[in-house]
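Sequence lines, in order, name chains W and G. According to the working numbering, the first sequence holds residues 1 to 181 in order. According to the working numbering, the second sequence holds residues 1001 to 1181 in order. Note that CB positions come from ideal geometry on N, CA and C, so glycine has one too. Reading through the structure tokens given below for one structure.
There are 2 protein chains.
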Amino acid sequence: MPPKRRREPTLDEQIAIYLREYQDLDPQVEKVVNALSRLDRRMSVAYSRHLGAADLSQGEWEVLKALVMAGGPYQLWPGTLSNRLGLTPAAITHRIDRLLAAGLVTRERDPGNRVRVIVGITEAGHQKWLEVMRLASTFEEGLLQDLDPRERGVLGELLTRLLRRVEDAQPDAGGRLTDLD
Amino acid sequence: MPPKRRREPTLDEQIAIYLREYQDLDPQVEKVVNALSRLDRRMSVAYSRHLGAADLSQGEWEVLKALVMAGGPYQLWPGTLSNRLGLTPAAITHRIDRLLAAGLVTRERDPGNRVRVIVGITEAGHQKWLEVMRLASTFEEGLLQDLDPRERGVLGELLTRLLRRVEDAQPDAGGRLTDLD
DNA sequence: ATATCGAATTTTAGCTTCGAACTCTTCGGC
DNA sequence: GCCGAAGAGTTCGAAGCTAAAATTCGATAT
């Protein structure tokens, strides 16, 4: 007898199990929360494949993306990066170190305030961002392929509302709130 | 002049910026994908506060949760944990080591196949799971407080569909597909 | 029986992140 | 102007994850 290939239990089934043990939980809340964290992990795995092809780590990619998303002169303070990415300042320092060594960003002291530092993106960094974006967009499109445009819109809206709630409630995540022009 | 406290740009605004630089992207897809990863990071920060209060790391918590969600005799193979949590087998080994030292799980060789190992949860582990769940559920409920029951249901369904798509497409994430009774 | 291939887990080395301590600058009162 | 307090980054040591090699057992073919 071949070892029976058993189907992974669905998320609903798994949640149903532990709801029996702790009845105060809201099934819908649990479903959303669990799906969110599992989705993110899977997405990370998928992204890292494409990032590896571009010689970039996920963390470095996040910094480049934040800089491009900042628009304008493509400059941010480390503190702002720390806030937006939800990481400690120390982690940002190290990421910048690596991106600097790869020639993808610049780091200089702020002329107006010598405690501050300004991180900018280089032309090579901008190109690298575009390169990864091209690879990633295929995966992203595939991830959402089962949802029609209306559903995509609804999902985006609902997630954005959750995000607003958490980000407003967590100004202390990194400590600072300031923002570069 | 007080340093102007500038509002963080909304997700929509940030995405609009880089859509101008790479026009082939679908705005709705980008919105969903970015919101997902940012939400997960914020949730992690919030969870780790509660977990710290219970002397548990996020990784250890995930293992306990997976065991409880497995139901039945509360046993899983490391390979199954590796798949479900989306981690390398090595990471599972380390997590089990720590949980074992804390007396929260058991690890024994599978009598039916001595290459395999069976990980189980102890009574203390089960209690620890419940303790953290109580702390976490408050945060989870707060996260979703802006959504009415209907919206929660919709969100859960949409996320579940995405999750199915990724998990089906990623049987190679950890390599194995088997499942313990 | 025996050799070989493959699967499940552990081990090892290197990298990334975090928390805490430290440095340097700026800001506020006096 | 001077001094203490707070803010912004960096440095240092500890913890956790990964990739790759190693180990151990099982299945298949000879």
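Note: leucine 155(W) is not bridge-paired with any residue in the DSSP secondary-structure output.
Out of Glu123(W), Leu87(W), Glu30(W), Pro149(W), the CA that lies nearest to the CA of threonine 1160(G) is found in Glu30(W).
DSSP, read as helix, strand or coil, puts arginine 1114(G) in coil.
Secondary-structure assignment with DSSP links glycine 1120(G) through a beta bridge to Gln1075(G), Thr1106(G).
By the neighbour-count criterion, in which 16 or more other beta carbons inside 10 Å mark a residue as buried, glutamate 1108(G) falls on the exposed side.
Using a Cβ-Cβ cut-off of 9 angstroms, leucine 99(W) is close to nothing in chain G; its nearest Cβ partner there is about 18 angstroms away. For arginine 84(W) and tyrosine 1018(G), the gap between their C-alpha atoms comes out near 16 angstroms. Assignment of arginine 165(W) by DSSP, reduced to helix, strand and coil, places it in the helix class.
For the segment 1146-1173 of chain G, the set of positions with a beta-carbon nearer than 9 angstroms to some beta-carbon of chain W reads Asp1146, Leu1147, Pro1149, Glu1151, Arg1152, Gly1153, Val1154, Leu1155, Gly1156, Glu1157, Leu1158, Leu1159, Thr1160, Arg1161, Leu1162, Leu1163, Arg1164, Arg1165, Val1166, Glu1167, Ala1169, Gln1170, Ala1173 in chain order.
Residue contact check for isoleucine 96(W) against chain G: no CB pair falls below 9 angstroms. Separation of proline 78(W) and isoleucine 1015(G) (C-alpha to C-alpha, rounded to the nearest whole angstrom) is 20 angstroms.
Per DSSP, reduced to three states, the secondary structure at aspartate 146(W) is coil, with no helix or strand assignment. Non-local beta-carbon contacts of arginine 116(W) in its own chain, meaning distances under 6 angstroms to residues more than five positions away in sequence, involve Trp77, Asp110 in chain order.
At a cut-off of 9 angstroms between beta carbons, glutamine 1028(G) contacts chain W. Here leucine 1163(G) is near arginine 38(W), since their CB atoms are less than 9 angstroms apart. Between the alpha carbons of leucine 1155(G) and leucine 51(W) lies a gap of roughly 29 angstroms.
Comparing alpha-carbon positions, the option among Gln1058(G), Pro1073(G), Val1033(G), Ala1054(G) lying closest to methionine 1043(G) turns out to be Gln1058(G). The beta carbon of isoleucine 1118(G) lies closer than 7 angstroms to those of Gln1075, Trp1077, Glu1108, Asp1110 in the same chain, with the five residues before and after it left out. Each of Ala1102(G), Glu1008(G), Val1032(G), Arg1020(G) was checked against the Cα of glutamine 145(W), and the nearest Cα belongs to Val1032(G). Taking the beta carbon of serine 137(W) as reference, the chain G residues within 9 angstroms of it are Tyr1022, Asp1024, Leu1025, Asp1026, Val1029, Glu1030, listed in sequence order. With respect to the 9 angstroms criterion, glycine 1120(G) and proline 1073(G) are classified as neighbours on the basis of their beta carbons.
Relative to leucine 100(W), the option among Leu64(W), Arg7(W), Ala54(W), Glu140(W) whose CA is nearest is Leu64(W). Annotation for aspartate 24(W): no residue places its beta carbon closer than 8 angstroms to its own, counting only its chain and skipping 5 residues before and after. The Cβ-Cβ distance between glycine 153(W) and glutamine 1028(G) falls below 9 angstroms. In the DSSP annotation of this structure, the continuous segment of the alpha helix (DSSP H) that includes tyrosine 18(W) starts and ends at 11-21. The continuous alpha helix (DSSP H) containing leucine 51(W) extends over residues 27-53. Taking 9 angstroms as the cut-off, the beta carbon of glutamate 13(W) is found no closer than this to the beta carbon of valine 1068(G). Interface annotation, arginine 1116(G): not in contact with chain W, CB-CB separation never under 9 angstroms. Leaving aside the five residues that flank alanine 1053(G) on each side, the residues in its chain whose CB is nearer than 7 angstroms to its CB run, in chain order, Leu1135.
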